[in-house]
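Quick note, the numbering used here runs 9 ahead of the 1-based positions in the sequence shown.
This report concerns only the one structure given below.
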Amino acid sequence: MRYRLTARHFTPSERLKQYVQKEVNRLERYYRGIIDCEVILDEEKLNKIAEIQLKVNGTLLTAAERSDDIFKSVDLAVEKIERQL
């Protein structure tokens, strides 16, 4: 699986990068045919947004969540994409 992390409007910490990588790797437990994974993190005034885009056998699955904490947003987006797999 190819993996890309994009951060908009902020620079992610190493801890956040490692956390996102670990959570994304968990997705392969549910489906081994994931071709590409892009995680987009965005920081607006009070909202921290995590969006995950997975390419699976020619289909694009997308999940986006927002909260006041970027780690929580990542967790919620991963849960949402797990349900789609």
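Cβ coordinates follow ideal geometry from the N, Cα and C atoms, glycine included.
If you're wondering where the values come from, they're calculated on a predicted model, not measured in any experiment.
E47 beta carbon less than 8 Å from that of Q27: no
What does a CB cutoff of less than 6 Å around T71 pick up in its chain, not counting 5 residues either side in sequence? Q62
Is R17 near D51, with beta carbons less than 8 Å apart? yes
Just checking my contact of I49 with E60 at CB under 8 Å: how many whole Å lie between their CB atoms? 4 Å
Are I79 and K57 closer than 8 Å when you measure CB to CB? yes
Taking the alpha helix (DSSP H) that Y28 falls in, what are its first and last residues? 23-35
What's the C-alpha gap between D77 and K64? 28 Å
Taking V87 and E32 to be in contact with their CB atoms under 8 Å, please state how far apart those CB atoms are, rounded to whole angstroms. 5 Å
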